[in-house]
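Visitor: This structure is in structure tokens; I'll ask about it shortly.
As structure tokens, this is what we get:
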């Protein structure tokens, strides 16, 4: 459970680092946006690195850590897309999410 919680925190910061500037920051100089994004990404790494180390030490494989991170990323980005960017969810989003969840099932199945 700590691995999942740390990955969620990590993904919140990474989503912000990658996409914050799309809403209200488009007029900022790109080098400033890069600097701010890297500053936010530093915090993301402070969550991601311990999450991956703890997960790996607990018996997760590298592939399991990656696919779990991807699934969490889609959930976090879906919320960001709707609440911050104001973009609606469509059936395509849910279909793509179902495909990622199938990948999670394949990766964790039988273990």
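In our numbering, the protein residues as written are 3 to 113.
Where is the CB? At the ideal position from N, CA and C, for every residue including glycine.
1) Once DSSP output is grouped into helix, strand and coil, what is the label at residue 72?
2) Among 92, 31 and 17, which residue has its Cα nearest to the Cα of residue 42?
3) Going by CA-CA distance only, name the one from 67, 89, 22 and 96 that's closest to residue 39.
4) For a minimum of 4 consecutive residues, which ranges assigned as the alpha helix (DSSP H) are wholly contained in the region 54-99?
5) Any contact of the region 66-85 with the region 93-108, i.e. 3+ C-beta pairs under 8 Å?
Guide: Working from what's here:
1) Three-state DSSP puts residue 72 in a helix.
2) When only C-alpha atoms are compared, the closest one is 17.
3) Selected option, being the one with the closest Cα: 22.
4) As far as the region 54-99 is concerned, its whole alpha helix (DSSP H) runs of at least 4 residues are 64-85.
5) Yes, since at least three Cβ pairs between the region 66-85 and the region 93-108 fall closer than 8 Å, the two stretches touch.
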